[in-house]
Each structure stands twice: as structure tokens, then as C-alpha cells.
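Under my numbering, think of the first position of the sequence shown as 15, with each following residue one higher.
Right, one structure below, let's go through it.
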Amino acid sequence: AARALASLANVLANEVAQLRKWDAEEEMQMSGSLSLSSLSRAPRVDALGSERLVLRKMLSALSLVRAHTLSAPAGTFDASSTSRLLRALSAAHLLGTPLLQRLSTEVGLLPAVPGALSPRRAIDLFAALARVPNKLDRVMAKGQALPLLSRSVRASPPGHLRPRDLARLLGAVTRRRYFSDGALFRFVSGEVTRLPVSAFSVREIAVIVDSFAKAGVWDEKVFRHLSVSARQLRWENLELRDAAQICGAFSCAETRKGSNLRDGALFRHVSVSLTSKGLHCTGCCSRPIAEILNAFARSSVWDDRLFSRLSQMAEELDPSEVPATDIAAIVNAFSQATTREGSQEGSHNEALFLAMSRMVKQKPREAFDARSIAAIVNALARAGVFDEELFRILAGHVRAMPAAALPIRDSARILCAFSLARNRAGSRITIGPLFRHVSIVSILAMEALPTLDSSQHRASDLSAL
């Protein structure tokens with residue numbers, strides 16, 4: 015009965031997800047179809063009403079499943095049923111605190127039943143709990159479900175888990191930022207290095223190294239092992255998302271303090287893989303482009319061919335879909351590429367800077383914070399690209415920021431860039447109002463922290479200001 019209930023919940027949740035998607039798409043189409051006559055709209059309205067009726071009935075059925083789950087006696091659900099219920103009710107937005115606590119209790123009872131919680135079942139539960147809404151993080155943090163599952167996974171015999179299992183496990187664990195488990199990462203490190211380098215796929219390598227980087231676990235044996243694995247693969251259809259995760263993780267591992275890891279060969283392999291067969295970007299967006307450029311720039315690996323191709327892709331992006339943080343990362347990477355010794359990409363990069371400037375001008379003030387503005391104007395000033403209209407717009411955004419939104423360090427970087435823009439020959443930029451505003455908010459910030467707490471105000475930031 016428990017498995018039947020879990021299966022029913024999964025079927026209903028999948029149907030609810032499809033109906034909600036259809037409902038949203040149909041509503042958008044109808045609201046935008048102003049030229050349709052009332053007669054042509056009528057069948058679509060009837061269909062929409064019918065689908066919404068079905069949606070309400072399915073949600074009512076899922077509510078009954080939820081009620082049965084809450085009222086079932088302890089020990090009713092096995093690991094498979096529990097994970098399926100968690101996934102289904104989370105997807106349907108019906109997983110509240112009482113139900114999460116109830117299913118967490120079921121997880122706690124599993125180890126008492128011999129063979130009820132195998133390592134792979136524990137990973138399935140980790141993956142299901144990773145989908146729990148963020149608003150329930152406090153409930154999850156207080157419970158013992160995750161530590162119990164961690165112990166079950168670590169009890170796995172050496173070599174029992176496959177690369178796919180390890181990637182699923184780490185992908186789920188790193189979604190729950192409050193859960194820190196060094197023992198689990200040490201276990202995964204041993205499993206990864208025990209497996210042959212030929213055992214991993216591109217996606218598995220990307221997820222594993224990205225998870226280690228997000229958790230701040232810098233096991234150089236794991237990174238070296240997976241680097242060898244990555245360089246032996248033929249990446250004929252390498253996705254930008256995977257390339258971004260791999261390069262980003264290795265870049266952070268290389269540049270952290272005390273690191274002995276240097277892997278230019280991996281970056282060159284990624285670059286050749288991306289450019290030799292053309293770039294593949296399913297549902298392409300700005301984030302992987304920004305992350306790849308940022309990783310190459312952080313590791314000081316300059317591949318003009320790759321940068322040129324990514325520049326073209328960046329210029330073709332829909333401005334409304336590119337957040338200010340990605341614009342800042344892209345222009346910063348190209349600014350470093352342009353100003354490095356021996357660079358020959360200046361003229362092409364200038365076209366990219368102007369394209370990014372146009373994107374910035376189309377965005378509302380609310381899209382920017384002080385850090386993204388500081389990164390953008392600094393990158394442009396460093397590259398010698400002075401779009402006066404852009405600088406005036408961003409100066410207005412800064413003057414609208416209160417003291418709490420304008421840290422000393424960002425203020426110093428913004429004023430430095432505007433000083434360069436103002437002092438160049440032929441400049442017509444007026445910076446007096448900007449400097450007065452930063453002066454006022456800086457005084458307010460320092461009065462709020464009269465002891466000049468070193469964590470808030472570093473000497474170098476004050477000197478730059």
C-alpha cells in the first residue's frame with residue numbers, strides 16, 4: 015500500500031507539473047493575442063477552464079495522499095517510497111513542516127531494518143531531500159536525516175559506488191549549504207581516486223569538481239585524478255555548462271592560497287574541445303560564458319581563439335536575459351585579456367565592450383548593485399573604453415544608492431574608474447555630484463563603525479578612497 019501511494023503521488027505530481035506549465039503558456043498566449051476575435055478565443059478559453067478543473071482535482075488528490083501519509087503509522091514507508099513521496103510532494107508545493115518531519119522520522123527508522131537502507135537508497139533519499147524548498151531549511155538542519163544518510167553511504171564497501179552515484183550524491187549534498195560533512199567528502203575522495211580514470215564521463219567530472227569547489231574541499235589528489243580523466247576524453251559535444259563547471263572549479267583550486275595545483279593542459283584541452291567542433295550551448299545563456307571567461311582569466315590562460323568565439327556569442331545574447339553580474343564578469347575577463355602583455359585582440363574586444371555597454375543602458379537601476387557597477391566601470395576604464403553615456407547612467411545609479419548599499423571598497427573602485435574617465439583628454443564627464451554622494455555615504459558608513467573594524471574597512475580600501 016505504501017508503494018502504491020508513492021507511485022500515485024509521483025504520477026499526480028508529474029501531471030500537475032505539466033498542467034501548470036501548459037496553463038502558464040496558454041495564459042501568456044491568450045493575453046498577448048489581442049487581435050483574436052471573441053469567437054476564435056472561446057474554444058481556447060473553454061479548454062483552459064477544463065484543464066484548470068483537472069488541475070484542481072489532481073491537487074485535491076495529492077492533498078489526500080498527503081493526509082494519508084501524515085496519518086500512516088511509523089514504519090509504513092520504505093526508502094524507495096519515502097524518496098518518491100518527498101520528490102512528488104515537493105514538486106507539487108505540498109511539502110510543509112509536519113510532512114517533512116513525518117518523512118524524516120521514517121528515514122530515521124530505516125537503519126533498524128536489515129537491508130532497508132543500502133548506500134544507493136541513501137543517495138536516492140539525499141537527492142529527494144535536496145529538492146525540499148529552501149523555506150524548510152531550518153527544519154532540515156535540526157533533523158538527523160542527513161547525518162544518518164551520510165553514515166549509510168560511508169558504510170559502502172570500497173569500489174561499490176559508481177561515478178554516477180558519486181556525482182548524484184555530491185550534487186545533492188552541495189544544494190543544502192547548511193549541511194557540512196567533511197567525513198563524507200573524505201569518503202568520496204577515496205572512492206574517486208580508487209576508480210580508473212576511464213570510468214568518468216564529462217558530466218560526472220563536472221559535477222564532482224564543482225561540488226568540491228562549492229564546499230571548499232581542496233583535495234588535490236581528486237583534482238589531479240579527474241584532470242587526467244578529463245584530458246583522456248574526446249569531448250566532441252562538450253556543453254558550455256560542463257566546461258564552465260570544470261574550468262571554474264580548477265581555477266579556484268589553482269589560485270587558492272597555498273595551492274600546488276597547476277593545470278594549464280586541462281584548460282587547453284577544454285579550449286580545443288570547445289572551438290574545434292563548434293560550441294554547443296543547449297538553451298544558451300550568459301552564465302556559462304561568463305564563468306568560462308572568468309576561470310580562464312583567473313588562471314591567466316589566454317586563448318585568443320576561444321575568447322574571440324565567446325565574444326561573438328556574448329554579443330548575440332538577448333540583453334534582457336543577461337544579469338548585471340554576468341556583464342561585469344564578461345567585461346572584466348576581456349579587459350584583462352586586452353591589457354595583458356602581447357595581446358592582439360584589442361580591436362575585436364572593443365566591439366564586445368560596446369555591445370556590453372548597450373546591454374547596461376537597457377537595464378533598470380534595480381538590476382545593479384555597487385559591486386557590479388564597480389567591476390563594469392573598472393574593466394572599461396582599464397581597457398580604455400570610455401562610453402560617456404554609460405558612465406553618466408551608472409553615476410546616476412550610484413548616487414541613488416544609500417550608505418548600506420555602497421561599501422567602502424566598491425566606492426573606491428568606482429571613483430578610481432570615474433577619475434580615469436574624467437581626466438582623459440576631451441572628457442565631458444562631470445564627477446562632482448558622484449564624489450559628493452560617495453563622500454557623504456562613506457562618512458555615514460565610518461560613523462556607524464567608529465573603530466574601523468578591519469573586516470569592514472581595509473587600509474588599502476581607505477587609501478584608494
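Even glycine gets a Cβ: it sits at the ideal position worked out from N, Cα and C.
Check whether A393 and V345 have beta carbons under 9 angstroms apart: Against the sequence shown, residue 393 aligns to sequence position 379. Against the sequence shown, residue 345 aligns to sequence position 331. Yes. Within cutoff.
Beta carbon of S97 nearer than 9 angstroms to that of A141: Working through the sequence shown from its first residue, we reach residue 97 at position 83. Working through the sequence shown from its first residue, we reach residue 141 at position 127. Yes, the Cβ-Cβ distance between S97 and A141 is below 9 angstroms.
Endpoints, the alpha helix (DSSP H) within which P177 is located: Stepping through the sequence shown from its first residue, residue 177 is reached at position 163. Where P177 is concerned, the enclosing alpha helix (DSSP H) stretches over P177 to V187.
Length of the line joining the Cα atoms of Q115 and G157: The sequence position of residue 115 within the sequence shown is 101, counting from 1. The sequence position of residue 157 within the sequence shown is 143, counting from 1. One C-alpha to the other measures close to 8 angstroms.
E234 versus R178 - alpha carbon distance: Here residue 234 is taken as the residue at index 220 of the sequence shown, counted from 1. Here residue 178 is taken as the residue at index 164 of the sequence shown, counted from 1. E234 and R178: Cα-Cα distance of roughly 21 angstroms.
Minimum C-alpha distance to K375 - residue among T352, I341 and A351: Position 361 of the sequence shown, counting from 1, holds the residue named residue 375. Of the listed residues, the one whose Cα sits closest to K375 is I341.
Whether W316 touches S273 by CB criterion (9 angstroms): As a working note, residue 316 is residue 302 in the sequence shown. As a working note, residue 273 is residue 259 in the sequence shown. No. Outside cutoff.
Three-state secondary structure (DSSP) of Q326: Indexing the sequence shown from 1 puts residue 326 at position 312. Q326 falls in the helix class under three-state DSSP.
DSSP-derived helix/strand/coil call for R17: Counting from one through the sequence shown, the residue named residue 17 turns up at place 3. Helix, per DSSP.
Simplified DSSP assignment, three categories, for T119: Sequence index remark: in the sequence shown, residue 119 carries index 105 (1-based). Assigned with DSSP and collapsed to three states, T119 falls in helix.
Where I457 falls, given that 16 or more other Cβ within 10 Å makes a residue buried: Here residue 457 refers to the residue found at position 443 of the sequence shown. Classification of I457: exposed, given that the 10 Å Cβ count is below 16.
Cβ separation of P495 and L254, assumed to be a contact under 8 angstroms, to the nearest whole Å: Given that the chain is displayed from residue 15 to residue 479, the structure contains no residue 495 and the question cannot be resolved.
Closest residue to L1 among E380, L180 and A106 (Cα-Cα distance): The question about residue 1 has no answer here: the residues shown for the chain are numbered 15 through 479.
Alpha helix (DSSP H) segment containing V221, residue limits: As a first step, residue 221 must be located in the sequence shown, where it is residue number 207. V216 to A229 is the extent of the alpha helix (DSSP H) around V221.
Closer than 9 angstroms to chain C by CB, L184: Among the chains of the structure shown, chain C does not appear; only one protein chain is present.
Neighbourhood of I222 by C-beta, 7 angstroms cutoff - its chain only, sequence neighbours within 5 removed: Within the sequence shown, residue 222 is the residue found at index 208, counting from 1. If we look at I222 and ignore the five residues flanking it on each side, its Cβ neighbours are L180, A181, L184, V206 and L240.
Rounded Cβ spacing between F310 and F281 (contact assumed at less than 8 angstroms): Numbered from 1 along the sequence shown, position 296 holds the residue referred to as residue 310. Numbered from 1 along the sequence shown, position 267 holds the residue referred to as residue 281. Indeed they touch by this definition, with Cβ atoms about 6 angstroms apart.
Limits of the unbroken alpha helix (DSSP H) element including I457: Counted from its first residue, the sequence shown places residue 457 at position 443. G446 to A462 is the span of the alpha helix (DSSP H), which, as asked, contains I457.
Of the listed residues I387, R385, A27 and R323, nearest to K71 (C-alpha basis): As a working note, residue 71 is residue 57 in the sequence shown. The shortest Cα separation from K71 among I387, R385, A27 and R323 belongs to A27.
Neighbourhood of A419 by C-beta distance below 8 angstroms, restricted to the same chain and skipping five residues each side: The residue you call residue 419 lines up with position 405 of the sequence shown. Contacts found: D383 and A384.
Element boundaries [alpha helix (DSSP H), containing L163]: Residue mapping note: residue 163 aligns to position 149 of the sequence shown, counting from 1. Where L163 is concerned, the enclosing alpha helix (DSSP H) stretches over A159 to R168.
Coarse secondary structure for S51, derived from DSSP in three states: For the purposes of this step, residue 51 is taken as residue 37 along the sequence shown, with counting starting at 1. Reliability of the predicted coordinates at S51 is poor, the pLDDT of 39 falling under 50, and the value obtained from them is presented with this limitation in mind. Here S51 sits in coil by DSSP.
Simplified DSSP state of A338, which is helix, strand or coil: Within the sequence shown, the letter at position 324 stands for residue 338. Three-state result, A338: helix.
From S215, A169, L163 and P172, residue whose alpha carbon lies closest to that of F193: Locating residue 193 in the sequence shown gives position 179, counting from the first residue. F193 has its Cα closest to that of L163, out of S215, A169, L163 and P172.
C-alpha gap between V187 and D224, whole angstroms: By 1-based counting over the sequence shown, the position of residue 187 is 173. By 1-based counting over the sequence shown, the position of residue 224 is 210. If I take the Cα positions, the gap works out to 12 angstroms.
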